[in-house]
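Remarks on the structure that follows.
Chains as they are written, first to last, in the numbering used here: chain A, 1 to 520; chain B, 1 to 94.
Here's what the structure looks like:
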């Protein structure tokens, strides 16, 4: 590689990396926790779940849809033109489902708004879920993972960050290529600061290459998918609907037909025929579209034994009035076109059809790799700072770089103690404040994050920021299993491990200078 | 260790041309190339679904290549020309 090429790529790697530092760190940090989204949600709810007889597992009989429809009609729910979604995997005695707002422009009253409802699996009594802030800590971290607090803009921004991440990664591999093997075995923690960070940055960066490449591409796939869809639709006369239908086989026109009587259709028979369609097909999700209209459809999703294949899901869509199958995905036979999207989802979410402890092992590995990536991001900034901390760099520029470093490290590193604090807040929140849970969690998290970032940025000492965020993060993290009453749910164990590692790191850092001196 | 500035693009118009050719030009080449393959091979759906991820990989590679050009305008000429060609050939089969 010529000197010119090397210098150009080196510069590209530096600039693209520095620009996305904070965004990328937040994405990986929040994303690491989002891997355990379901577990965090269950952990947060564990108190109320203990109250409501945990012994009742979900009944083996599939849901009686016709009875549910009659019950909804009896309670005065206007169903015409609405969608209804039922996640059959929800645990507990109550089956939650969602009733979307009606697409009928003449709809009145409650039909104009979506509603989350609960169905008692035994008595078929339907109760509305009290309208409270649905924000949970799990939801907060999930949305933070693609900056959804900023709305659509945040979603696209996360896509741009992913693309730049891919760019930074590939340029990083190119400049490191010649020394990729030799430097992998090089670690000089007691040498100059810059060599310590460079060694850690390159060695851990190389370990993470496949993982990071996968996330850079799939992240862009999610965040910038709009570019693919808009340009791909050109081949279909710039019509997004036709394009989507060609790609995914779905076409949901929101043009409602005339009203039909739900007593004339037997929704249960569709569930039965779906269950019998493929051997070992377990239903997981039901979606009803355009309910009680001529264009009503029912989509039934399910899975077969994950040992059969990685893509063990299946789907059937029926036209309810005619009984015709609109389209289907066979869980046993899949073509390439059917699995592209599923594959991206599965590797991004770390779900490979494994259940139980096997699934947990995969998620723990993903979590570790995500934290390693956070570490690579931070060491990258430190190298950038250290390389510019020289006398030949103009004073003004040096001050600016230092300032950027203080702010970046303050924002990134304070995420650990603030997240621990938010977990504690969610567990220690008094019962009577539960209705304001969302507001409280959001204020604790974002308020705490802002205060901590400002504090550490004003302190202007990177070593101080590093030590004290790890220390407070570790101590707060250790309190989380205590606050949860030492039941050692997986989330408690996760925090225990994180806190112990953080505190060990602090202890090693504090003792490192003395040891280095002893060696001399 | 910072890169030697004598190899980098000077600020102002040359740098704007370079960056825009990398980001916009790179996207146009990658997108039009994929659309071209989609219409001429006859596997429209398969190619378009593959495009959903190869777009970003090819785009990234083209961005890197763009910075190796000695002038951003020259890069614009290449990328613009290639994407125009691909777009026209795609249009023939639409």
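Glycine residues also receive a C-beta, built at the ideal position from the N, C-alpha and C atoms. Just so you know, these numbers come straight off a predicted model, no measurement behind them.
One or two residues paired with residue i in a DSSP bridge
i: residue 98 (chain A); result: A:85, A:116
i: residue 259 (chain A); result: A:293
i: residue 314 (chain A); result: A:302
i: residue 285 (chain A); result: A:87, A:301
i: residue 524 (chain A); result: Nothing in the structure corresponds to residue 524 (chain A), since chain A is present only between 1 and 520.
Own chain residues within Cβ distance below 6 Å of residue i, not counting five before or after
i: residue 86 (chain B); result: 32, 33, 36
i: residue 302 (chain A); result: 281, 282, 283, 284, 314
i: residue 29 (chain B); result: 62, 79, 82, 83
i: residue 43 (chain A); result: 489, 491
i: residue 12 (chain A); result: 171
i: residue 457 (chain A); result: 406, 407, 410
i: residue 52 (chain A); result: Only weak support is given to the placement of residue 52 (chain A): the predicted model assigns it a pLDDT of 43, under 50, and the question is left unresolved by the model.
i: residue 242 (chain A); result: 236
i: residue 56 (chain A); result: Below a pLDDT of 50, predicted positions are generally treated as unreliable, and residue 56 (chain A), at 43, falls in that range; the measurement from the model is reported next regardless. Taken in chain order, the residues that qualify are 93.
i: residue 339 (chain A); result: 311
i: residue 58 (chain A); result: The predicted position of residue 58 (chain A) is uncertain, since its pLDDT is 48 and thus under 50; no value can be drawn from it.
i: residue 417 (chain A); result: 469, 472, 473, 476
i: residue 146 (chain A); result: 155, 158
Chain B residues whose Cβ lies nearer than 7 Å to that of residue i
i: residue 220 (chain A); result: 56
i: residue 10 (chain A); result: 3
i: residue 336 (chain A); result: 46
i: residue 388 (chain A); result: 2
i: residue 4 (chain A); result: 7
Nearest-angstrom beta carbon gap, residue j and residue i [assumed within contact, 8 Å]
i: residue 333 (chain A); j: residue 315 (chain A); result: That belief does not hold up - the Cβ atoms of residue 333 (chain A) and residue 315 (chain A) are roughly 13 Å apart, past 8 Å.
i: residue 427 (chain A); j: residue 484 (chain A); result: 6 Å
i: residue 22 (chain A); j: residue 412 (chain A); result: 6 Å
i: residue 260 (chain A); j: residue 216 (chain A); result: Incorrect: roughly 48 Å between the Cβ atoms, too far for contact.
i: residue 286 (chain A); j: residue 480 (chain A); result: Not really, about 37 Å apart at Cβ, beyond 8 Å.
i: residue 451 (chain A); j: residue 477 (chain A); result: Their Cβ separation, rounded to whole angstroms, is 19 Å, which puts residue 451 (chain A) and residue 477 (chain A) out of contact at 8 Å.
i: residue 459 (chain A); j: residue 465 (chain A); result: 7 Å
i: residue 381 (chain A); j: residue 406 (chain A); result: Actually they are not in contact, since the Cβ atoms of residue 381 (chain A) and residue 406 (chain A) sit about 11 Å apart, beyond 8 Å.
i: residue 420 (chain A); j: residue 473 (chain A); result: 5 Å
i: residue 97 (chain B); j: residue 247 (chain A); result: The structure shown does not extend to residue 97 (chain B), since chain B spans only 1 to 94, so no value can be given for it.
i: residue 205 (chain A); j: residue 376 (chain A); result: 5 Å
i: residue 257 (chain A); j: residue 294 (chain A); result: 2 Å
i: residue 3 (chain B); j: residue 7 (chain A); result: 4 Å
i: residue 59 (chain B); j: residue 17 (chain B); result: No, residue 59 (chain B) and residue 17 (chain B) are not in contact; Cβ-Cβ is about 18 Å, not under 8 Å.
Cβ shell of residue i (< 8 Å), same chain only, five flanking positions each side left out
i: residue 135 (chain A); result: 437, 438, 439, 441, 442
i: residue 355 (chain A); result: 306
i: residue 297 (chain A); result: 252, 288, 289, 290, 317, 318, 319, 320, 326
i: residue 5 (chain A); result: none
i: residue 349 (chain A); result: 35
i: residue 506 (chain A); result: 467, 470, 471, 474
i: residue 386 (chain A); result: 193, 194, 197
i: residue 5 (chain B); result: none
i: residue 133 (chain A); result: Only weak support is given to the placement of residue 133 (chain A): the predicted model assigns it a pLDDT of 46, under 50, and the question is left unresolved by the model.
i: residue 20 (chain B); result: 72, 76
Chain-ordered chain A contacts of residue i [CB-CB under 9 Å]
i: residue 53 (chain B); result: 217, 218, 220, 221, 228, 340, 344
i: residue 84 (chain B); result: None at all; the shortest Cβ gap to chain A is about 15 Å.
i: residue 94 (chain B); result: 234, 235, 237
Chain-ordered chain C contacts of residue i [CB-CB under 7 Å]
i: residue 38 (chain B); result: In the structure shown, chain C cannot be found, because the protein chains are A and B.
Contacts that residue i makes with chain A (C-beta to C-beta distance below 8 Å)
i: residue 60 (chain B); result: 163, 166, 167, 170
i: residue 35 (chain B); result: 231, 232, 234, 235
i: residue 31 (chain B); result: 227, 231
i: residue 64 (chain B); result: 9, 12, 167, 170, 171, 174
Contact list for residue i against chain B, beta-carbon separation under 9 Å
i: residue 7 (chain A); result: 3, 4, 5, 6, 7, 8
i: residue 225 (chain A); result: 52
Neighbourhood of residue i by C-beta, 7 Å cutoff - its chain only, sequence neighbours within 5 removed
i: residue 48 (chain B); result: 38
i: residue 149 (chain A); result: 143
i: residue 10 (chain B); result: none
i: residue 97 (chain A); result: 84, 85, 86, 117, 119
i: residue 115 (chain A); result: 99, 128
i: residue 367 (chain A); result: 32, 35
i: residue 371 (chain A); result: 32
Within chain A, the residues that residue i reaches when beta carbons sit closer than 7 Å
i: residue 67 (chain B); result: 8, 12
Proximal residues of chain B, C-beta to C-beta of residue i below 8 Å
i: residue 247 (chain A); result: 45, 48, 49
Please list the segments of the beta strand (DSSP E) lying wholly inside the region 119 to 173 of chain A, counting only runs of 3 or more residues, in order along the chain. 126 to 128
Contiguous alpha helix (DSSP H) assignments of at least 4 residues, all confined to the region 193 to 243 of chain A: 193 to 207, 209 to 223, 225 to 232
In chain order, which alpha helix (DSSP H) runs of at least 4 residues are fully inside the region 432 to 519 of chain A? 437 to 442, 448 to 459, 462 to 483, 490 to 519
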